[in-house]
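Beneath this line is the structure, given in structure tokens, with notes to follow.
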Amino acid sequence: MPTVQVTDVKDGAFLLDVREDDEWQAGHAEGALHIPLSEFVARYGELTEAAPQDGRVHVICRSGGRSAQVTMYLVQQGVDAVNVDGGMQDWQRAGRPVVTDDGTPGFVA
């Protein structure tokens, strides 16, 4: 499965966060698209509308397990998708910004 480290995700890269609502509300990467794993298949169209046509989709969750499942699904659909290894836990540890919906500092739940 295609995988990248948090440090390899460039600023402005398309990021899909598949954590659940409570995790998202605690804190997320600014600009990420949020589609919880539990709703992913039903909301797949939101991803296809938002994702860059010829760009890569970086899939992230808390630690990398759920995002790996979504990455595999997307790759099977022909999407250029990669799993962000270590997820939001590594994102936060690497000092990358974590925000809430109102833009204030958040945390990884």
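The numbers in the UniProt record's numbering rise by one with no breaks, and the one at position 70 of the sequence shown is 70.
Don't be surprised by glycine CBs; every beta carbon is placed ideally from N, CA and C.
Per the C-alpha coordinates, the member of Arg19, Ala50, Ala42 positioned closest to alanine 13 is Ala50. In the DSSP assignment, no residue is bridged to valine 18. Cβ atoms of serine 63 and glycine 87 come within 8 Å of each other, at about 5 Å. Close CB contacts of glutamate 20 within its chain, under the 8 Å cut and outside five residues either way in sequence, are with Pro36, Leu37, Ser38 (chain order).
Exclusion of the five residues before and after glutamine 89 leaves Arg62, Ser63, Val108 as the residues of its chain whose Cβ lies within less than 7 Å of its Cβ. Per the DSSP secondary-structure output, leucine 37 pairs with nothing in a beta bridge. Partner residues in the beta bridge of glutamine 5, as assigned by DSSP, are Asp85.
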